[in-house]
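Each residue of the sequence shown is one higher than the last, beginning at 3 in my numbering. First comes the structure, then the notes that go with it.
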Amino acid sequence: MAKDETFLERQSIDIFRSRNSLGVERREAVSERVEYPSQTYAANDYLAIFDKRNLDRECLANSLISHQIGISIFTFSGIASWQQCKSTLGTLRVALINIGSNDITDVSVRQEITQLVTTLEPVPVVVLSNSQTLDHVLQAIDLGVHGFIPSSVDIDVCIEAIGLAIAGGQFVPASSVLAMRGLVGGFVARKAIRSAFTVRQTAVAEALRRGKANKMIARELNLCESTVKVHIRNIMKKLGATNRTEVACKVGDLLPDAEHHLDRV
């Protein structure tokens, strides 16, 4: 018999059905698998999964059960079905709402998440989505959720994200962190380069970005050609560039919004 089959045979669970909800509580945790570090839960603590799709929410619940997360799990089609039986369930520690392929920018999706966050406060709410774009992650966080789990991650990461939310943390996918780092890094770089350049150097750098020759730059800025060359040398030094082409490339990244200052002295 396969190891997974043995595990499933030795796993004892109770299933409770209440209208549109399904509750699955692990009574026995017997497995040869490695235990995950987990929170300490009371006997009546539980995790709630919210998903309008019956099969998806039950599959997720049973997947979490099989990984022995140490807490009871109840699933619901929506906040209304939870409210109908919440008094009999125990203490809610965390809520996971699965929006699947639904767009978080959709008004109805945002309303559903907002209602869940508001109704369950201070219980942390975590969003599970098929998307992992930075914009969607930021919009979810802005709605007050304590985590955003893309469906592309494996179940281990999902479990860690849930535990982090319970502990008071906030989970976002690594891809979004890298994207945010890039945005912040770009902003800091642009600010730094502008503070390092004089107004005239900024104008010369912008002209180099446009591929203009020294003679044309001198004419447009009313400078001597020799002065333009001095500015270019200083710009190259500050950028760590070795030639005009490299200057143009770096300036193109750092000054994309064409803040020319050409009319300033």
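Idealized CB from N, CA, C, for every residue including glycine. These numbers were taken from a predicted model, which means no experiment stands behind them.
Bridge partners of residue i, per DSSP?
| i | result |
| --- | --- |
| Ala-97 | Ala-50 and Val-127 |
| Pro-152 | Ser-131 |
| Gly-102 | Ser-131 |
| Phe-199 | Looking at the DSSP assignment, Phe-199 forms no beta bridge with any residue, so it has no partner. |
How close, in whole Å, do the beta carbons of residue i and residue j come, if the pair is a contact with beta carbons under 8 Å?
| i | j | result |
| --- | --- | --- |
| Arg-95 | Leu-130 | Between Leu-130 and Arg-95 the Cβ distance is about 16 Å, and since that is not below 8 Å, they are no contact. |
| Ala-209 | Glu-222 | 7 Å |
| Pro-175 | Phe-150 | 7 Å |
| Thr-120 | Asp-47 | Going by Cβ atoms, the distance from Thr-120 to Asp-47 rounds to 22 Å, so no, they are not a contact pair. |
| Leu-57 | Ile-164 | Actually they are not in contact, since the Cβ atoms of Leu-57 and Ile-164 sit about 21 Å apart, beyond 8 Å. |
| Val-253 | Ala-207 | 5 Å |
| Arg-211 | Ala-250 | 5 Å |
| His-138 | Ile-106 | 5 Å |
| Lys-240 | Phe-199 | 7 Å |
| His-69 | Ile-143 | Not a contact, Cβ separation roughly 26 Å. |
Beta-carbon separation of residue i and residue j under 8 Å?
| i | j | result |
| --- | --- | --- |
| Ala-167 | Pro-126 | yes |
| Ile-51 | Asn-100 | yes |
| Ser-110 | Asn-132 | no |
| Gln-113 | Ile-81 | no |
| Val-232 | Asn-216 | no |
| Leu-91 | Phe-76 | yes |
| Val-159 | Val-147 | no |
| Gln-134 | Pro-152 | yes |
| Asn-224 | Gln-203 | no |
| Ile-161 | Ile-71 | yes |
Under a three-way DSSP split, which group does residue i fall into?
| i | result |
| --- | --- |
| Gly-92 | coil |
| Thr-8 | Note that Thr-8 scores a pLDDT of 31, beneath 50, so its modelled location is shaky and nothing firm can be said. |
| Cys-251 | helix |
| Leu-185 | With a pLDDT of only 44 at Leu-185, under the threshold of 50, the placement of this residue in the model should not be trusted; the figure read from the coordinates follows. It is helical. |
What are the boundary residues of the alpha helix (DSSP H) that includes residue i?
| i | result |
| --- | --- |
| Lys-239 | 227-241 |
| Leu-223 | 216-223 |
| Ile-143 | 136-144 |
| Ile-157 | 157-168 |
| Gln-117 | 109-122 |
| Ile-71 | Counting along the chain, Ile-71 falls outside any alpha helix (DSSP H), and DSSP gives it neither H nor E. |
Should residue i be counted as a contact of the ligand PLP given a C-beta to heavy atom distance under 7 Å?
| i | result |
| --- | --- |
| Gln-70 | Looking at this structure, you won't find the ligand PLP or any other ligand, since it has none at all. |
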